[in-house]
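Here the structure comes first, spelled out in structure tokens, and everything after it is commentary.
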């Protein structure tokens, strides 16, 4: 019985370590690829709800003050991979490029997991519901 307990404790440390490493990868990838527009602390651009002189909306925050958590995992993944204009369509113009040519699907998911890890529980729960995970 003691052996089983020791194995369980050891394996829980491995699982935690792997999760922590993935979170660190997502944070690093976010800083390298997203922070220049969406902010180091996910705060977005000032006046992100008002179009700029070019008619395009500034980069929104990815923290709880923005609307990222209102979208399903599928939408967030496709916007990140393909760019906002490609997903929204209808002639919509956006400065958000697609990263499918420079990031793997796993790297995109790591970034999205990092962003979601910052949200308070209420926003995470809501986003999981619309994704169909709850």
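Residue numbers (the numbering used here): 46 to 179. Where a beta carbon is used, it is the ideal one built from N, C-alpha and C, also for glycine. No experiment lies behind these values; they were computed from the predicted model shown.
Which of the three DSSP states is assigned to residue i in this structure?
i, result
"residue 113", "helix"
"residue 144", "coil"
"residue 159", "helix"
"residue 102", "coil"
"residue 133", "helix"
"residue 170", "helix"
"residue 79", "coil"
"residue 88", "coil"
"residue 178", "coil"
"residue 97", "coil"
"residue 128", "coil"
"residue 54", "Confidence at residue 54 is low in this model, with a pLDDT of 39, below 50, so its placement is unreliable and no value can be given for it."
"residue 108", "coil"
What separation, rounded to the nearest whole angstrom, lies between the Cα atoms of residue i and residue j?
i, j, result
"residue 225", "residue 75", "Lying before the first or after the last residue shown, residue 225 is absent from the chain, which here runs from 46 to 179."
"residue 136", "residue 129", "11 Å"
"residue 114", "residue 168", "6 Å"
"residue 159", "residue 86", "12 Å"
"residue 171", "residue 91", "25 Å"
"residue 96", "residue 103", "7 Å"
"residue 176", "residue 153", "17 Å"
"residue 178", "residue 112", "19 Å"
Can you tell me whether residue i is buried or exposed? The criterion is at least 16 other CB atoms within 10 Å of its CB, across all chains shown.
i, result
"residue 174", "exposed"
"residue 180", "The shown model of the chain, from 46 to 179, leaves out residue 180, and the question about it has no answer."
"residue 89", "buried"
"residue 105", "buried"
"residue 58", "Caution applies to residue 58, whose pLDDT of 44 falls short of 50 and renders its modelled position unreliable; the value that the coordinates give is listed next. Residue 58 is exposed by the Cβ-count criterion."
"residue 151", "exposed"
Kindly give me the distance between the Cβ atoms of residue i and residue j, rounded to whole angstroms, as I take these residues to be in contact under 8 Å.
i, j, result
"residue 131", "residue 146", "Contact flag wrong, Cβ pair sits at about 12 Å."
"residue 119", "residue 157", "Not quite, the Cβ-Cβ distance comes to about 11 Å (not below 8 Å), so this is no contact."
"residue 78", "residue 121", "Rounded, the Cβ-Cβ distance is 14 Å, inconsistent with contact."
"residue 94", "residue 138", "That belief does not hold up - the Cβ atoms of residue 94 and residue 138 are roughly 16 Å apart, past 8 Å."
"residue 164", "residue 109", "5 Å"
I want to see whether chain D comes within less than 9 Å of residue i, judged by CB atoms only; does it?
i, result
"residue 102", "In summary, chain D is missing from the structure at hand, where a single protein chain is found."
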